[in-house]
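For the sequence shown, the residue numbers in mature numbering (1 follows the signal peptide of the UniProt record, and there is no 0) are -20 to -1, 1 to 70.
Worksheet: one structure, shown below.
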Amino acid sequence: MRSPFVFLLLSLCFLGSAEAREKLDCPEQININTADFDGFRCLKGVGKKRAEALLQYRAEHGPFVSPMGVAAVLGEKLALRLRYRLQVGN
């Protein structure tokens, strides 16, 4: 009896974040040197806190040199997973 309830509860938790991301106009590639808060939120695994941290890091340290520069904020594992969606220039 408890198992279906737990599954339903967890499903609702993840549904909210997926719906929020769907409402954004998310491009396939994100320029991490010009992206705003919503641009960073388009990346799977990047929520409000991580998006704010990326903006703050870029403001303090200047533009990212490579897509893997986000590893300083997101960690290497997530940066590796996202690297194909990230760009630093045109």
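Every residue gets a Cβ at the ideal spot worked out from N, C-alpha and C, and that includes glycine.
Using the Cα positions of Ala52 and Phe44, report the straight-line distance between them to the nearest angstrom.
Here residue 52 refers to the residue found at position 72 when the sequence shown is read from its first residue. Here residue 44 refers to the residue found at position 64 when the sequence shown is read from its first residue. Cα-Cα distance, rounded: 10 Å.
Are the CB atoms of Leu54 and Arg30 within a distance shorter than 8 Å?
Mapped onto the sequence shown, residue 30 falls at position 50. Mapped onto the sequence shown, residue 54 falls at position 74. Cβ atoms of Arg30 and Leu54: closer than 8 Å.
Closest by C-alpha distance to Glu32, when choosing among Arg63, Pro47, Lys57, Ile12
Counting from one through the sequence shown, the residue named residue 32 turns up at place 52. Closest by alpha carbon: Ile12.
What is the DSSP secondary structure of Gln67, counted as helix, strand or coil?
The residue you call residue 67 lines up with position 87 of the sequence shown. It is a strand residue.
Which one of Thr14, Asp18, Arg63 has the shortest CA to CA distance from Gly42?
Translated into positions along the sequence shown, residue 42 becomes position 62. It is Thr14 whose Cα lies nearest to the Cα of Gly42.
For the putative contact between Gly25 and Leu62, defined by C-beta atoms under 8 Å, what is the C-beta separation to the nearest angstrom?
For this step, residue 25 is matched to residue 45 along the sequence shown. For this step, residue 62 is matched to residue 82 along the sequence shown. Yes, they are in contact, since the Cβ atoms of Gly25 and Leu62 sit about 7 Å apart, within 8 Å.
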